[in-house]
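The structure appears below as structure tokens.
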Amino acid sequence: MEQLKRKSEQLEVELTEQQLEQFKTYYEMLIEKNKVMNLTAITEKDEVIDKHFIDSISLNKAVDTTKPLKILDLGTGAGFPGIPLKIAYPNLTITLLDSLNKRIKFLQEVIDELGLQEIEGIHGRAEDFAKQPAYREQYDLCVSRAVANLATLSEYCLPYVKEGGCFISYKSGAVEEEVNQSKKAIAELGGRIKEVIAFTLPKTDIERTFVVIEKVKKTPKKYPRKAGLPSKEPLGL
């Protein structure tokens, strides 16, 4: 975990011994569970530290993570970026949403084992929870590392974000064309591109990009459309 400590410091994140221990336990649980269910193709410790842990907590390049933000991690999968964000920034309140119940059960085991507070895992489809008043436009921030077109992701994510909040998409490499193609959809959903932040993960050649989309008005009630449509027929494309 010394590597994690050094690289997090380059992100201006000071991890305590307890936090480093939590990351170590999370890694061990992830690898163990990965033997019986498909959570991640990345299992080598150094790679997990770079591509999952450091990548997740680098969110402080885009927002002030010292604030008590309420965050939804949509399509969380094995818990990225939500669990590392909660470990590194305990002041955040986080909801992990995934469509596979087996993943959510695993994440609840992690939450319990690490003793994390103000974090919950919910099982369900993004399209369904976005229609519920308890979740719709209730979050300061929605984040997603899901691999999908930005127009599609925006339709899933922006309905959860309150006015004045942001949806931040974790992307890799060049995104200029994708961002330009998604502008019409983002405007239709009540958002606007605030900034695009390109950077390299500390002491690697891994290029990452945050696309920061600000919520400037309410999302029309008809969005997100019924299951499957945002992926099959992305808005504005």
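Numbering (this note's numbering), first residue to last: 3 to 239.
Even glycine gets a Cβ: it sits at the ideal position worked out from N, Cα and C.
Assigned exposure category for residue i - 16 Cβ within 10 Å defines buried
i       : result
Arg-8   : exposed
Ser-171 : buried
Asp-114 : exposed
Pro-226 : buried
Arg-147 : buried
Ala-187 : buried
Ser-174 : exposed
Arg-210 : buried
Pro-70  : exposed
Lys-53  : buried
Asp-57  : buried
Ser-10  : buried
Start and end residues, alpha helix (DSSP H) containing residue i
i       : result
Lys-234 : 231 to 234
Arg-105 : 103 to 116
Ala-153 : 152 to 159
Val-50  : 47 to 50
Phe-169 : No alpha helix (DSSP H) contains Phe-169, which is instead part of the beta strand (DSSP E) from 163 to 174.
Leu-87  : 84 to 90
Val-181 : 178 to 190
Ala-200 : Counting along the chain, Ala-200 falls outside any alpha helix (DSSP H), though it belongs to the beta strand (DSSP E) covering 193 to 202.
Phe-131 : 128 to 131
Host beta strand (DSSP E) of residue i (start-end)
i      : result
Arg-97 : This sequence places Thr at residue 97; Arg is not what is there. Run containing Thr-97: 95 to 100, per the beta strand (DSSP E) assignment.
Leu-61 : Note, Leu-61: premise wrong, no beta strand (DSSP E); not H, not E.
C-alpha gap between residue i and residue j, whole angstroms
i       : j       : result
Leu-102 : Thr-78  : 10 Å
Cys-159 : Asp-100 : 13 Å
Val-181 : Gln-21  : 35 Å
Thr-206 : Lys-223 : 43 Å
Tyr-29  : Ile-59  : 15 Å
Leu-191 : Glu-19  : 42 Å
Val-38  : Ile-106 : 15 Å
Leu-74  : Val-145 : 6 Å
Phe-25  : Asn-62  : 18 Å
Thr-45  : Glu-122 : 25 Å
Lys-47  : Leu-203 : 16 Å
Ile-51  : Lys-35  : 17 Å
Ala-128 : Ala-153 : 15 Å
Glu-197 : Glu-178 : 11 Å
Pro-135 : Pro-161 : 11 Å
Gly-264 : Lys-72  : As shown, the chain starts at 3 and ends at 239. That puts residue 264 outside it, with no answer to give.
Coil, strand or helix - residue i by DSSP
i       : result
Glu-122 : strand
Lys-69  : coil
Arg-227 : coil
Thr-221 : coil
Leu-22  : helix
Glu-34  : helix
Thr-2   : No statement about residue 2 is possible, as the shown extent of the chain runs from 3 to 239 and does not include it.
Leu-6   : helix
Glu-14  : coil
Tyr-141 : strand
Supposed contact pair residue j and residue i - C-beta distance, whole angstroms, cut 8 Å
i       : j       : result
Ala-2   : Phe-212 : Lying before the first or after the last residue shown, residue 2 is absent from the chain, which here runs from 3 to 239.
Val-163 : Tyr-137 : The Cβ separation is near 11 Å, so there is no contact.
Ile-96  : Phe-169 : 15 Å between Cβ atoms; not a contact.
Gly-241 : Val-218 : In the structure displayed, the chain extends from 3 to 239; residue 241 sits before or after that span and is not available.
Lys-132 : Val-15  : One detail in the question is off: residue 132 reads as Ala in this sequence, not Lys. Actually they do not touch by this definition, with Cβ atoms about 31 Å apart.
Check: residue i C-beta below 7 Å from any heavy atom of the ligand MN
i       : result
Lys-234 : Of the ligands one can find in the structure shown there are none, so the ligand MN has no counterpart to examine.
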